[in-house]
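Let me begin by presenting the structure, written as structure tokens, before commenting on it.
Residue numbers (this note's numbering), protein chains in the order written: chain A, 19 to 292; chain B, 19 to 292.
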């Protein structure tokens, strides 16, 4: 892979990279399309990265369909699929991790304490292997995107990071490989995430600036749906992820909710410029 | 720097990189010579990296002479000197570190617990900035070399790591920028490091395989010199740095000794193949 990317670079070809865990959906395909717009070739990695799953999480259960993924990539004109083996990426004696000191102590990082260490580590490794000029990440994993932006800046990676908007089902549910876990009843409850975000955005637009008030309304709305258990609902600074009490500058609402056993996340900008 | 290295790479020129903290001596110059042998251009960084110094260590006192360093680099035909500012490498909000889980818990890492995190972090940053094909490190900093080898493997850096032999003064003292701290009397005591290593090597050659016996003789020899205070004397596996009781495979003796206030390190292979 490194030799192939060296060759592309020597030929002056711009490389866009879309890292994925496979089981591709429209959200992933939108990242590939964004890649084609900005570069000469698009490389997609498919790798269910063990170091970003905690004990008791869904590493084994995570949905996989490599053949279908390949067909979808081909249809999108992806130039290379990079699908390494876990033993190859994490050889015997592996002991090096990319760690961030602040951003992982917010939002998802609280209930998933080693998750972002695993994400930052595998993304660093993939950057060193794929050698892209730009890399495209979905904004659904909002904290992940901020972690990667910070890591790229701090570690001087010569990679431009592009965030792509969340792709939603027609009823508003954010696309996710994990949606496949949902029963028809749970699929209805899963709408509580986007509906409550939409309501929070409307409250902000109508002049409410007290974050606690907005969070309370969000929690109430989600709890009205069966089988939901809130992990967190937060209104925070989009860059530092610090909690905001008053919405007087750009703010994002981020939330994580378990619907049955399936943990779903979603987020929305409440105020871009206030 | 990144644009310059991209250009060299597109032109098919091989880049050798020698990271230094400046105040260059013959040891550093030997790394530059090794670079010229293996590559088309040699890039030297001069940066006294704050994150590898602990509280109470000699960050401020560390010797600096940029003009002299530049003259020495020019004489060695160095193509580029990269000398960044600390504020540029560690901007506001910096929070990302490269951490290793095992190797830093040996040898120097015991009395300098954040040292190798700082080393691994700055070397990663410099690799991303300088984009070398090969990087050359002195074997005097033996643990540092092993940390970097492991990090490069674990993080898939496409950089070949070359270790270059220790350069010694005619009387045996390993070259170090910190030797400049020594008074004439301390300069004599500093010889206890190489003399005890030489003695340990002779003991091994004569058939002694009990590491404790060799370590005891080393300690005794060093203590005979005034103003010496041993930090550690270890016989260990050169790759894992695990202590060895019996020398029945390749072994390195590594030691750190304070002479007055100056902390010196040195090492020697006791047995390459037994």
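Glycine included, C-beta positions come from ideal geometry on N, C-alpha and C.
DSSP three-state assignment for residue i, whether helix, strand or coil
i, result
"residue 274 of chain A", "strand"
"residue 285 of chain A", "strand"
"residue 118 of chain B", "strand"
"residue 127 of chain B", "helix"
"residue 248 of chain B", "strand"
"residue 38 of chain B", "strand"
"residue 153 of chain A", "strand"
"residue 145 of chain A", "helix"
"residue 60 of chain A", "strand"
"residue 258 of chain B", "coil"
"residue 21 of chain B", "helix"
"residue 71 of chain A", "coil"
"residue 292 of chain B", "Note that residue 292 of chain B scores a pLDDT of 47, beneath 50, so its modelled location is shaky; the value from the coordinates is reported in the next line. Residue 292 of chain B: coil per DSSP, three-state reduction."
"residue 66 of chain A", "coil"
"residue 134 of chain A", "helix"
"residue 112 of chain B", "coil"
"residue 18 of chain A", "Outside the shown range of chain A (19 to 292) lies residue 18 of chain A, about which nothing can therefore be said."
Proximal chain B residues relative to residue i, where beta-carbon distance stays under 7 angstroms
i, result
"residue 41 of chain A", "Near residue 41 of chain A there are no residues of chain B at all, since even the closest Cβ is about 24 angstroms away, more than 7 angstroms."
"residue 143 of chain A", "173, 174"
8 angstroms contact criterion, which residue i and residue j should meet: CB distance rounded
i, j, result
"residue 289 of chain B", "residue 269 of chain B", "5 angstroms"
"residue 41 of chain B", "residue 83 of chain B", "6 angstroms"
"residue 237 of chain A", "residue 221 of chain A", "13 angstroms between Cβ atoms; not a contact."
"residue 223 of chain A", "residue 277 of chain A", "Not confirmed; about 27 angstroms, so no contact."
"residue 240 of chain A", "residue 206 of chain A", "Actually they are not in contact, since the Cβ atoms of residue 240 of chain A and residue 206 of chain A sit about 13 angstroms apart, beyond 8 angstroms."
"residue 68 of chain A", "residue 104 of chain A", "6 angstroms"
"residue 195 of chain B", "residue 81 of chain B", "5 angstroms"
"residue 180 of chain A", "residue 281 of chain A", "With a Cβ gap of about 26 angstroms, residue 180 of chain A and residue 281 of chain A do not count as contacting."
"residue 165 of chain B", "residue 118 of chain B", "6 angstroms"
"residue 98 of chain A", "residue 64 of chain A", "Incorrect: roughly 11 angstroms between the Cβ atoms, too far for contact."
"residue 8 of chain B", "residue 29 of chain A", "Because chain B is modelled from 19 through 292, residue 8 of chain B falls outside the range shown and cannot be assessed."
Neighbour list for residue i in chain B, Cβ cutoff strictly below 8 angstroms
i, result
"residue 121 of chain A", "113"
"residue 125 of chain A", "Within 8 angstroms Cβ-Cβ: nothing; residue 125 of chain A doesn't reach chain B, min ~16 angstroms."
"residue 205 of chain A", "Result: empty, since nearest Cβ-Cβ is about 38 angstroms, beyond 8 angstroms."
Residue i - partner residues in DSSP beta bridges
i, result
"residue 228 of chain A", "A:264"
"residue 192 of chain B", "B:186"
"residue 179 of chain A", "A:153"
"residue 269 of chain A", "A:289"
"residue 160 of chain B", "Bridge partners of residue 160 of chain B: none, in fact."
"residue 280 of chain B", "B:277"
"residue 100 of chain B", "B:63"
Partners in chain B for residue i, counting only beta-carbon separations shorter than 9 angstroms
i, result
"residue 20 of chain A", "174, 176"
"residue 116 of chain A", "114, 115, 116, 117, 142, 173"
Own chain, CB closer than 7 angstroms to residue i, minus 5 neighbours either side, in chain order
i, result
"residue 292 of chain B", "Here the model assigns residue 292 of chain B a pLDDT of 47, short of 50, so the residue's position is not dependable and the matter cannot be decided."
"residue 20 of chain A", "147, 149"
"residue 163 of chain A", "155, 157, 181"
"residue 175 of chain B", "145"
"residue 14 of chain B", "With chain B covering 19 to 292 only, the question about residue 14 of chain B has no answer from this structure."
Interface residues of chain A facing residue i [CB-CB closer than 9 angstroms]
i, result
"residue 287 of chain B", "Simply none; closest approach about 21 angstroms."
"residue 27 of chain B", "24, 27, 28"
Chain-ordered chain A contacts of residue i [CB-CB under 8 angstroms]
i, result
"residue 146 of chain B", "173, 174, 175, 176"
"residue 169 of chain B", "114"
Same chain, Cβ closer than 6 angstroms to residue i, five either side skipped, listed in chain order
i, result
"residue 130 of chain A", "72"
"residue 124 of chain A", "259"
"residue 286 of chain A", "215, 219, 271"
"residue 58 of chain B", "31, 32"
"residue 52 of chain A", "154, 182"
"residue 243 of chain A", "207, 210"
"residue 140 of chain A", "67"
"residue 256 of chain A", "268, 270"
Beta-carbon contacts of residue i that lie in its chain and below 8 angstroms, excluding the five residues immediately before and after
i, result
"residue 108 of chain A", "68, 69"
"residue 77 of chain B", "66, 68, 71"
"residue 92 of chain A", "none"
"residue 22 of chain B", "98"
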